[in-house]
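S.K.:
There are 2 protein chains.
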Amino acid sequence: MAALASKEALKAALLSQRTAKKAGDAAAELMWAGVARETQPENAKLAKVYEALAAAASAETTTAAATLRVTRDAEEEAAAAAAAAAAAAAAAYAAAKKRKAELEAELELVSATIADNMEAAGEQEMVVDPWTVEGKIDYDKLIDKFGSKPIDAELLARVEALTVGAGRVQALHPFLRRGTFFSHRDLAAICDAAEKRTPGGPPPFYLYTGRGPSSAAMHLGHLIPFMFTKWLQEAFDVPLVIQMTDDEKFLWKGEYKDGEGDNLDRFRGLTYENAKDIIACGFDKSKTFIFSDLDYVGHMYPNIVRIWKAVTYSQAKGCFGFEGSSNIGQSAFPAIQAAPSFASSFPVPLAGSDTLPCLIPCAIDQDPYFRITRDIAHKLVPSGHALKGKPALIHSKFFPPLEGAKGKMSSSNENSAVFLTDSAEAIKEKITTHAFSGGRMTKAEQEELGADLEVDVSYQWLTFFLDDDEELAQIRDSYGSGKGDFWSTTLVKARLIRLLQEMVQRHQEARAVVTEEEVRSWMEVRNLVV
Amino acid sequence: MAALASKEALKAALLSQRTAKKAGDAAAELMWAGVARETQPENAKLAKVYEALAAAASAETTTAAATLRVTRDAEEEAAAAAAAAAAAAAAAYAAAKKRKAELEAELELVSATIADNMEAAGEQEMVVDPWTVEGKIDYDKLIDKFGSKPIDAELLARVEALTVGAGRVQALHPFLRRGTFFSHRDLAAICDAAEKRTPGGPPPFYLYTGRGPSSAAMHLGHLIPFMFTKWLQEAFDVPLVIQMTDDEKFLWKGEYKDGEGDNLDRFRGLTYENAKDIIACGFDKSKTFIFSDLDYVGHMYPNIVRIWKAVTYSQAKGCFGFEGSSNIGQSAFPAIQAAPSFASSFPVPLAGSDTLPCLIPCAIDQDPYFRITRDIAHKLVPSGHALKGKPALIHSKFFPPLEGAKGKMSSSNENSAVFLTDSAEAIKEKITTHAFSGGRMTKAEQEELGADLEVDVSYQWLTFFLDDDEELAQIRDSYGSGKGDFWSTTLVKARLIRLLQEMVQRHQEARAVVTEEEVRSWMEVRNLVV
């Protein structure tokens, strides 16, 4: 019996020694990476844990060595030591379990304190993620923070040569000329592909954009990506897929009421309503596929499963900030928005060309989704994909709300937006009453200083929608100096009102002729690359 | 300026008072529920949090009242107090943030200690969840722990009247007669529905079972639910859906290799291979739909989204024990296994009868999935569903592995199982060499004491597969006493070997005639309730 016990003790001691060595090695490795620790806060945190482990390991090694020596000397003694060690471990286990419960309770209280006092502490930072845009946005800082690249003059020239140069469009879109789309990932590689295109050959890439249908009334801000995508489609002559994330909207904003059921069908209906507005933007129908997730997910499911498999909950949480109280669809959803980045999600529309690169025009707040996608993209494509599966991105700034240029426009605040359903009268009233003015308090001051164009919403909106560069320059100079034809806010607002009334009326006319049947035909699963 | 500041302070004070009152009310409400707290540990935890809140709230109320009084007396003073309060809150915020970081660090270390010392502390409990079955299983304890109900004599008599009584089968299945299926949820309600059936009318419920296709070679343990489901289908004359969770298997066991890609298609292929074995069990084809998740998920997606929306990550984690390092598909998957519990997931196969109840035969380790499903089921069905959407369940014990009756059989250990592909020779060799024997060490001992039937795998397996109750009783008496025709292990093993050889040969013959085309026709989306 004693012999057996001591043999067990010897085994345990050897095992303990090996474990200790492994922990020590890991700690050493991490400590060597001293430079990385300086720059990366996660590494610093990890390093601390490993240091603690290393200390424990060193203690353990000592104990282990001692146990080993004693074992060799006197087997009975060793058995006793092993029993004591087991008892100590059991005690440590019990103590640690108790301490864990205490820590968790305190953590809960401390977290509540943080939440309660956050505002008072003046923590109102710039927040940009797929669900929140808050604070004053510094776009250069965003490029830094997100690790994307600015669209520079050289890249713009390449795009111009490939589009205007090919005779498909007259000029670069104002959103490019004026830096509304200001940031990108791998747009140069998309240009490479476009440059290799052969006449009559297959398209060099496809476009992917989308919309979360949360309200029937879309506003001007919602149009930005679609206006630009329409231009890209025409300028590059490429297929386009448009994802309607009715599932996402239900996961975040859906409701269930006892006796009434849920409102999933409401979001399905919104998909159809919003599709009409999208169709009214004038896409090339033969090259455009609009799909509802609720209807189409089955086709993408193998890719969704692959993306699920490749992304851990911690990664997704780090990117999107889920809580334990978030529903399990919210952590699953990133894969559903990622799936259309892969041509293999469209076996019929893109006719099985699994290596076709993808370009995604989107507001910069959607970038985190696609950063995760890009990280794991190589797992979803055959070799031979020019971008190793990574979707290319082209990012827009936010369209400022009427009341002032912070954050982005919201459809939940009626007065912060001009809706595509607004009457000419309503547009006039909204701009006149609510558009935040950068003009001065008195006529004299305005004539002396000119308006602050940076914060003047009417001027900002004109930079989005007034196509004529010369007129825009004239307004900028006149309003900015307080002299000339557009010296006052009233005059600038009048110009904007006229422009928006024309734009919205054109849109309403185009939308009015889109029938239910027409919507269904855009949403039919069909080949776009014949 | 001072007037404005004091107005703000007044507003803040009033708001603070309201918040305090709300928190106080909530705390009071919870403290009244004293009885609930005694019985439900979650409530006790919540109550603690609310008590703390109430204490804080009471302090806050006092402060607020004071602020209010002072405000009315002297506006300047109040402004100062408000500023001080803001500063205090900011300080509290900063301190709490610091403390939170400390707590998290300590928590990490403590958790590591727990993990390190768990084994030493002798914590090797019975573990039963959808992925782990460990330790000696106490089935009565499982019923208690899971909150299901034992299948009693009265319920068995009802089932017998509805099945044998209707002339569809000769006798109750041995798995019912011998308690292999031992536990249930709402089986009585299923009997209610069956009793109301009208001749020629629609089926009273449908059956749902499934399989995770992780290997081409299915073993005898895998057959248990299918053998029993086949009997249920025949005995109740009802439709059946069989889910092949190829997506699940990829999420848990899939692999990706650089240069080679992933093995998703392998699991797709296993679905087809396993479907052949399932078809060989002899189901009624006109009433049976086999589907692969990878192919069929699109049809169930609206229900999947509803289930996702209704389940929080914490709930799913509490039930299945995900980690941050688990992939995001693993936390999404419970909804995909839950969706077939609702008839509306089968608009074509079940022809839109959204209130049709569902009965799920499964091993008891799958119960946690369906407990969550049952909790949220009412959100997925119209009123008029007899079970408010809850799927009924009938649970089996585990089929013991060859080497001994702990845990369940595993297909990863070749010698722990008899496979459906094994030759007669292999079956003989496996039973002879590996089946754990409850017989005694010597002939004399065996004749005196008889075998320990509780641990004798050969005898246990006979209770599963030997249909003849009389012969089984004879073997039990003879082997258990060490006297008569089956007094020794060798004789009992010989009987088992003959039985299994016949069974497996019959299965292999039935499987051999199942063509690829035949599999596809079982997997075709079609109406089962014409």
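Residue numbers (the UniProt record's numbering), protein chains in the order written: chain U, 1 to 530; chain G, 1 to 530.
Glycine residues also receive a C-beta, built at the ideal position from the N, C-alpha and C atoms.
These numbers come from a predicted model, not from an experiment.
#1: Go ahead and label residue 526 of chain G buried or exposed: buried means 16 or more other beta carbons lie within 10 angstroms of its beta carbon, across all protein chains shown.
#2: Interface residues of chain G around residue 279 of chain U at Cβ under 8 Å?
#3: Do residue 358 of chain U and residue 400 of chain U have their C-beta atoms closer together than 7 Å?
#4: For residue 350 of chain U, which of helix, strand or coil comes out of DSSP?
#5: Please name the residue in G:451, G:341, G:477, G:174 whose C-alpha comes closest to that of residue 367 of chain G.
#6: Starting from residue 240 of chain G, follow the beta strand (DSSP E) in both directions and report where the run begins and ends.
#7: How about residue 446 of chain G and residue 438 of chain G: are their beta carbons less than 7 Å apart?
#8: Please report how far the alpha carbon of residue 521 of chain G lies from the alpha carbon of residue 272 of chain G, in whole angstroms.
#9: Note down, in chain order, every chain U residue with its Cβ under 7 Å from the Cβ of residue 531 of chain G.
#10: Consider the Cβ of residue 332 of chain U: report whether some Cβ of chain G lies at a distance smaller than 7 Å.
#11: Nearest by alpha-carbon distance to residue 237 of chain G: which of G:155, G:210, G:288 is it?
#12: Within its chain, find whatever has a CB closer than 6 Å to the CB of residue 337 of chain U; leave out the 5 residues flanking it on each side and keep chain order.
#13: Quick one: grab the DSSP three-state call for residue 32 of chain G.
#14: How is residue 261 of chain G classed by DSSP in three states: helix, strand or coil?
#15: Grab me the residues of residue 95 of chain G's own chain with a C-beta within less than 7 Å of its C-beta, minus the 5 sequence neighbours each way, in chain order.
#16: From the DSSP output, in three-state form, read off residue 271 of chain U for me.
#17: By the three-class DSSP mapping on this structure, what secondary structure does residue 283 of chain U have?
#18: Compute the distance between the beta-carbons of residue 218 of chain G and residue 420 of chain G, then report whether it is under 7 Å.
#19: Return the chain-ordered ranges of every alpha helix (DSSP H) run that is complete within the segment 447 to 498 of chain U and spans a minimum of 4 residues.
#20: Using three-state DSSP, classify residue 402 of chain U as helix, strand or coil.
#21: Quick one: is residue 106 of chain G near chain U, going by C-beta distance under 7 Å?
#22: Per DSSP, what kind of secondary structure is residue 393 of chain G in: helix, strand or coil?
#23: Quick one: Cα of residue 181 of chain U to Cα of residue 213 of chain G, how far?
#24: Using a Cβ-Cβ cut-off of 7 Å (strictly less than) and excluding sequence neighbours within five positions of residue 531 of chain U, which residues of its own chain qualify?
#25: Closest to residue 365 of chain U by C-alpha separation, out of U:225, U:233, U:293, would be which residue?
#26: What are the residues of the segment 410 to 431 of chain G that lie near chain U, defined by any Cβ-Cβ distance shorter than 7 Å?
#27: Checking 7 Å against the spacing of the C-beta atoms, do residue 537 of chain U and residue 209 of chain U come in under that value?
#28: Going by DSSP, what residues sit across from residue 209 of chain G in a beta bridge?
#29: Compare the C-beta of residue 254 of chain G with all C-beta atoms of chain U and state if any pair is closer than 7 Å.
#30: Tell whether a beta-carbon distance below 7 Å holds between residue 205 of chain U and residue 188 of chain U.
#31: Taking beta-carbon pairs under 9 Å, can you tell me which members of the segment 283 to 296 of chain G lie near chain U?
#32: Once DSSP output is grouped into helix, strand and coil, what is the label at residue 185 of chain G?
#33: What residue range is occupied by the uninterrupted beta strand (DSSP E) comprising residue 361 of chain G?
#34: Please name the residue, chosen from U:98, U:286, U:461, U:167, that lies closest to residue 530 of chain U on a Cα-to-Cα basis.
#35: Thinking C-alpha only, which one of U:477, U:435, U:389 is nearest residue 261 of chain G?
#36: When DSSP builds the beta bridges, which residues end up paired with residue 419 of chain G?
M.R.: So, from the data block:
#1: exposed
#2: Neighbours of residue 279 of chain U on chain G: none; closest Cβ ~24 Å, over 8 Å.
#3: no
#4: coil
#5: G:341
#6: 240 to 244
#7: no
#8: 12 Å
#9: The first residue shown for chain G is 1 and the last is 530, placing residue 531 of chain G beyond what the model contains.
#10: yes
#11: G:288
#12: 369
#13: Residue placement at residue 32 of chain G is poorly supported in this model, since its pLDDT is 39, which falls under 50; the coordinates still yield a value, given next. Correct three-state label for residue 32 of chain G: helix.
#14: strand
#15: none
#16: helix
#17: coil
#18: yes
#19: 457 to 465, 469 to 481
#20: coil
#21: yes
#22: strand
#23: 48 Å
#24: Any property of residue 531 of chain U remains undetermined from this structure, which presents chain U solely from 1 to 530.
#25: U:225
#26: none
#27: Nothing about residue 537 of chain U can be read from this structure; chain U reaches only from 1 to 530.
#28: G:242
#29: yes
#30: no
#31: 293, 294, 295, 296
#32: strand
#33: 358 to 363
#34: U:286
#35: U:389
#36: G:219
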